[in-house]
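Asker: Just passing along the structure, written as structure tokens.
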Amino acid sequence: MKILVTDYAWANLDVEKSVLSEIGAELIPAPNGEEETLVQLAQGCCGIMTCWAQTTRAVIASALPDLKVIVRYGVGLDNIDVAYATKQGIPVANVPDYCFIDVAEQTMALLLGLSHKVAQFDRLIRSGTWDIQAGLPLRRLTGQVLGLIGFGQIAREVVPRARAFGLHVLAYSRSLTPEQACACGVEFANLDTLLRTSDFVSLHCPSTDETRGLINADNLAKMKPTACLINTSRGDIVDESALLEALKNNTIAGAALDVRCQEPPEIGDRLIHTDRVIHSPHSAFYSEESLVELQKKAAWEARRVLTGKAPVHLVNPEYENQ
């Protein structure tokens, strides 16, 4: 019983092996994520576990008829041809319930970095300029407003951390009610109000047809000229060209980006060379603790299906109708 691991972002597969060896499963790690390689290795595999590599129709087809399950390390499914897997009667599972704390902590780290202009001062000092005036104005966080767009588990983890710094927190989500917001210690706001009144706007929504390009020129123009944007969700929620113009024209004061539309960005990317932007390489999810959690939960999803049980986080229940 073989399981193809298309790619992974950690040192080894010991955690997965500890879960799957008990059912006699052998892990087949791919040397690279190229489609040709994955197609060859997928033959005869009963499971596919994938992080970022494109799990295409060809890869899935190569594993048929042995394939029983596909598991995504993480939340998003952009790299898996879920529609084709569904047509072939293959369940697809993901791991949406990990790294909540880690992304919330990164959100606060980026917010603090923007507020106190840590990266800006660091660059100035490294270039030979020791001058507090070059980074003014600076404001204390207490009493400022943080607006959360999207109010899932990560955003809810941000709330107590933000409140500990004295921030007043607004939240917007299409499914959120004022009563639910109040129960979580935040104030409900519609999107327009949140954008116009927040000192920091932090994105915590998935990439969908409704959210892609949500932060466009029109919505950036609604923000305060002193406000900053933080994105630890998905890169395509932000219109990056519009963001670049907003920073260039001082429509907003700064941004912190853990995710980008293209990862890694192209050499010469203009946002990377914009002084008022802080960058991190899609690392918000990462901690030693969160990775073990991710590996273990992904392995258990594969194990459940391969032992005749239902996965906890099935993303295509309609597969059973095929």
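In terms of the working numbering, the sequence shown opens at residue 1 and continues consecutively. Cβ coordinates follow ideal geometry from the N, Cα and C atoms, glycine included. Computed from a predicted structure; not experimentally measured.
1. Does the segment 104-114 come within contact of the segment 139-159, defined as at least 3 CB pairs closer than 8 Å?
2. Kindly indicate which three-state DSSP category ILE90 falls into: helix, strand or coil?
3. Output needed for LYS117: all residues of its chain with C-beta closer than 6 Å, excluding positions within five of it in sequence on either side, in chain order.
4. Secondary structure at LYS2, three-state DSSP: helix, strand or coil?
5. Looking at C-beta atoms only, is the number of pairs between the segment 68-81 and the segment 245-259 that lie closer than 8 Å three or more?
6. Looking only at C-alpha atoms, which of GLU318, SER241 and GLY268 sits nearest to ALA217?
7. Flag this pair as yes or no: are the beta carbons of LEU67 and CYS45 separated by less than 9 Å?
8. Whole-angstrom Cβ separation of LEU244 and THR274, contact assumed at under 8 Å?
9. Would you be able to state if there are at least three C-beta pairs under 8 Å between the segment 295-303 and the segment 264-280?
10. Is it true that the segment 79-91 meets the segment 49-59, where meeting means three or more beta-carbon pairs spaced less than 8 Å apart?
11. Can you say whether ILE132 is buried or exposed, counting buried as having 16 or more other CB atoms within 10 angstroms of its CB?
12. Which one of THR129, PRO137 and ALA93 has the shortest CA to CA distance from LEU114?
13. Going by beta carbon distance, what residues of the same chain come within less than 7 Å of GLU41, once the five residues before and after it are set aside?
14. Tell whether a beta-carbon distance below 9 Å holds between ALA25 and CYS51.
15. With LEU170 and VAL186 assumed to form a contact (beta carbons below 8 Å), what rounded beta-carbon distance in angstroms separates them?
16. Given this structure, state the Cα-to-Cα distance separating VAL39 from GLY33, to the nearest angstrom.
17. Going by C-alpha distance, which of ALA119, LYS87, ALA155 and VAL95 is nearest ASN321?
18. Where LEU110 and ALA11 are concerned, what is the direct C-alpha to C-alpha distance, given to the nearest angstrom?
19. Is it buried or exposed for ILE230, if we count other Cβ within 10 angstroms and need 16 for buried?
Answerer: Concretely, from the data shown:
1. yes
2. coil
3. GLY135
4. strand
5. no
6. It is SER241 whose Cα lies nearest to the Cα of ALA217.
7. yes
8. Confirmed, Cβ separation roughly 7 Å.
9. no
10. yes
11. exposed
12. PRO137
13. Residue identity differs from the one stated: residue 41 is Leu in this sequence, not Glu. Contacts found: LEU4, ILE28 and ALA30.
14. no
15. The Cβ separation is near 7 Å, so the contact holds.
16. For VAL39 and GLY33, the gap between their C-alpha atoms comes out near 10 Å.
17. LYS87
18. Distance between the alpha carbons of LEU110 and ALA11: 27 Å.
19. buried
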